[in-house]
Each structure stands twice: as C-alpha cells, then as structure tokens.
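In terms of our numbering, the sequence shown has 181 at position 168, counting the first letter as 1, and numbering is strictly consecutive. Even for Gly, the Cβ is constructed at its ideal location relative to N, Cα and C. One structure below.
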Amino acid sequence: MPPARSTDGAVLRGPGAIDLGLTVNGEAVRVHVPPRRTLLDTLRQSLGLTGSKRVCDEGTCGACTVIVDDRPVYACMTLAIACEGKHVETIEGLTKDALGEGEKGLHPVQRAFIDADAFQCGFCTPGQIMSIVALLRAMPSPTEDDVRRAVAGNLCRCGAYPNIVAAGVNAGRRKK
14 MPPARSTDGA VLRGPGAIDL GLTVNGEAVR VHVPPRRTLL DTLRQSLGLT
64 GSKRVCDEGT CGACTVIVDD RPVYACMTLA IACEGKHVET IEGLTKDALG
114 EGEKGLHPVQ RAFIDADAFQ CGFCTPGQIM SIVALLRAMP SPTEDDVRRA
164 VAGNLCRCGA YPNIVAAGVN AGRRKK
C-alpha cells in the first residue's frame with residue numbers, strides 16, 4: 014500500500030459563491046455567499062447581525078439559536094443556502110415585535126428576562142430568548158416544564174436556569 018500523501022497543497026474545488034435571497038427580521042435581503050457558509054456566518058459577517066453568538070460551533074450550546082420559518086434552529090449548524098426563500102428572525106429583530114407602551118422597544122420575553130434576572134454573563138441570552146419566543150408563538154401559556162423542554166438545547170454556564178424558566182412562564186403571562 015502506498016504511503017499517504019500530504020494534502021497541504023490541496024485546492025478546494027466546487028461551485029463558487031451564490032446569490033441567496035431570504036427575509037431577515039422582516040426585510041428581504043440578498044447575499045453573495047459560498048455554498049458551505051453557515052447561517053450564523055452569513056448573519057454575522059454578511060449582514061452585521063452579531064446578536065447570535067458563536068460558542069461551540071457544533072450545535073450543542075444553543076447560543077446561536079435563531080428562528081427560521083417559526084422554528085428555532087442552531088444557526089451554526091444550518092447552511093445559509095438551506096434558508097433560500099425562508100424567513101429568518103434574530104434577536105435584533107425582536108424589537109420590531111415589541112408590544113406595549115413604555116417597553117422601550119423590548120420584546121415581552123426580553124422584558125421578562127430583565128424582570129426575572131434571567132441572565133448573568135448574557136452570552137447564552139440571545140439563544141435562550143429566541144427559543145422561548147418560538148415556544149410562545151406555538152404555545153402562548155407554557156408551563157415550567159414546557160419552557161424547560163424549549164430551552165433544553167440551550168446551555169447556560171452561569172446556571173441561571175430557574176430564572177430563565179421563570180422568565181419564559183412570565184413572558185407567556187405578559188403577552189395575554
């Protein structure tokens with residue numbers, strides 16, 4: 014059997030960048046991206062939306078969670094081309110969905126997080142909030158167990174889980 018050869022000089026071949034059309038936070042956008050670019054990289058690098066965080070880059074922490082066509086997804090594990098023609102919502106887009114006077118642009122889930130002290134360092138907060146927003150759209154009055162299931166894929170290194178669950182339940186009450 015011949016010895017393995019070094020791949021140091023290998024050149025990636027394949028299709029070039031593509032034009033991609035999608036709706037992000039209610040606005041139609043077109044981006045020119047390589048086919049292997051993730052939704053997270055497209056949001057952060059091409060569109061300047063840095064609210065979704067890169068932490069694990071393997072779909073285990075949930076810090077990059079966004080909503081695609083009403084479903085929470087890990088943006089680090091979703092290819093941008095899979096979102097062609099879809100509706101993507103990031104943490105930055107929640108201010109457009111804010112309800113109530115005096116909320117100063119905060120979405121009810123964001124306000125509930127503040128009221129429940131549901132974040133410590135804040136790094137996981139965008140993903141946690143987006144998971145709860147998706148839950149509340151499908152289930153307007155969740156129980157604690159419903160919220161726990163919804164954020165089961167979102168890790169919080171600070172251990173603010175009880176407050177996160179309380180914020181999710183309280184946000185459901187607030188939206189009534």
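**Request:** Measuring alpha carbon to alpha carbon, tell me which of 74, 34, 157 ends up nearest residue 95.
**Result:** Here residue 95 corresponds to residue number 82 of the sequence shown, with the count starting at 1. The shortest C-alpha separation from residue 95 is found at 34.
**Item:** Backbone secondary structure at residue 105 - three-state DSSP
**Value:** Here residue 105 refers to the residue found at position 92 of the sequence shown. In this structure, residue 105 counts as helix in the three-state DSSP scheme.
**Item:** Three or more C-beta pairs below 8 Å linking the segment 118-127 and the segment 77-97
**Value:** no
**Request:** Output the distance between the C-alpha atoms of residue 164 and residue 77, rounded to the nearest integer angstrom.
**Result:** Translated into the one-based positions of the sequence shown, residue 164 becomes position 151. Translated into the one-based positions of the sequence shown, residue 77 becomes position 64. Distance between the alpha carbons of residue 164 and residue 77 is about 13 Å.
**Message:** Using CA atoms only, rank isn't needed, just tell me which of 137, 181, 104, 47 is closest to residue 171.
**Reply:** The residue labelled residue 171 in the question sits at position 158 within the sequence shown. For residue 171, the nearest C-alpha among the options comes from 137.
**Item:** Cutoff 8 Å; reference residue 142; Cβ partners in own chain excluding five residues on either side
**Value:** Here residue 142 refers to the residue found at position 129 when the sequence shown is read from its first residue. Result list for residue 142: 104, 107, 120, 122, 123, 126, in chain order.
**Prompt:** Quick one: complete beta strand (DSSP E) runs, 3+ long, within the segment 24-109?
**Reply:** 31-37, 40-46, 78-81, 84-87, 100-102
**Item:** residue 153 classed as buried or exposed, judged by whether at least 16 other C-beta atoms fall within 10 angstroms
**Value:** The residue given as residue 153 occupies position 140 in the sequence shown. Sixteen is the threshold: since fewer than 16 other Cβ atoms of the shown chains lie within 10 Å of the Cβ of residue 153, the residue is exposed.
**Prompt:** What's the call for residue 102, buried or exposed, on a 16-neighbour Cβ count within 10 Å?
**Reply:** On the sequence shown, position 89 is the one that residue 102 refers to. Flag for residue 102 reads buried.
**Prompt:** For the alpha helix (DSSP H) that residue 133 lies in, which residues bound it at each end?
**Reply:** The sequence position of residue 133 within the sequence shown is 120, counting from 1. Note, residue 133: premise wrong, no alpha helix (DSSP H); not H, not E.
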